[in-house]
Amino acid sequence: MTRLAVLISGTGTNLQAIIDASASGQLDAEVALVISSRPDAAGLQRAAAAGIQTVSLSRAVYIEPWAADQLIAEQVSAAGCDYIALAGYMRKIGPELVEAFPQRVINLHPALLPAFKGAQAIAEAYAYGVKVTGVTVHFVDAQYDTGPIIAQRAIAVPEGQGLEQLTERIHAVEHQLYPEVLQLLSQGRVEVIGKNVHIH
Ligand code: GAR
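The numbering of the sequence shown is my numbering, which starts it at 1 and goes up by one.
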């Protein structure tokens, strides 16, 4: 069975969605390792509650970004993980880590890339006044939020909708889409040709 390492920094609701999809059989993959960039991330408790091995990195480790990435690479390899799924991991992944796991690092982004890259995508799209936004799942490459797109799901922003409500709707889409994409990957149905991703 496909083994996943999930990297988090915060609440971990997407981690939870992946754990739940795995438990229900919707996803034929197992979360074998959760790594957090912060020791206080609430998502670590979700992992512990599900009996998943956790590794928590501290601010000190990130003073040398490559040292942090090296630690992640070692842990992921030791746990025998096939994919690294970023789920609200708010640190940049360095090129060495991406190269060590080619087409094996996946990111979830709460906007329709290439629009609204970065850490505040939902709020920035909302402030911009977009009428359509959504969710992107993509391979991680050497730059930030630029890798080949595996899947996107769009949602309309209705007149009068507040940021809080939009944020909730984006999260609901994420919780569905991310496990679906991880399932496609674990079934070997995803092929990358240059920037284009084909689903078979
Ligand atoms: C998610 O909305 C995810 O798309 C976003 O962080 C949130 C994490 O929520 N990631 C990014 O913005 C990456 N640039 P969660 O901790 O509840 O899963």
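The C-beta atom is built at its ideal place from N, Cα and C for all residues, glycine as well.
Keep in mind the model is a prediction, meaning the values are calculated, not measured.
In the DSSP assignment, residue 3 falls within the unbroken beta strand (DSSP E) covering 2 to 8. The criterion of a C-beta distance shorter than 8 Å is not satisfied by residue 135 and residue 180. Between residue 49 and residue 9 the beta-carbon gap is near 18 Å, outside 8 Å, which marks them as no contact.
For residue 147, the CB contacts under 6 Å within the same chain, skipping 5 residues up- and downstream, are 138, 139, 140 and 141 in chain order.
For residue 114, the number of other beta carbons within 10 angstroms of its own is below 16, and it is reported as exposed. Residue 193 and residue 105 have their C-alpha atoms spaced approximately 16 Å apart. Per DSSP, residue 83 is one residue of the beta strand (DSSP E) stretching across 83 to 86.
Of the heavy atoms belonging to the ligand GAR, at least one sits nearer than 7 Å to the Cβ of residue 15.
Relative to the ligand GAR, the beta carbon of residue 110 is positioned inside 7 Å of a heavy atom. Between the ligand GAR and the CB of residue 146, the shortest heavy atom gap is not smaller than 7 Å. Exclusion of the five residues before and after residue 32 leaves 3, 79 and 81 as the residues of its chain whose Cβ lies within less than 6 Å of its Cβ. Beta-bridge annotation (DSSP): residue 38 is not paired with any residue. One alpha carbon belongs to residue 169, the other to residue 176, and they sit about 11 Å apart. Per DSSP, reduced to three states, the secondary structure at residue 152 is strand. For the alpha helix (DSSP H) assignment, the uninterrupted runs of no fewer than 4 residues enclosed by the stretch 119 to 164 are, from N- to C-terminal side, 121 to 128. Annotation for residue 53: the continuous beta strand (DSSP E) segment containing it runs 53 to 56.
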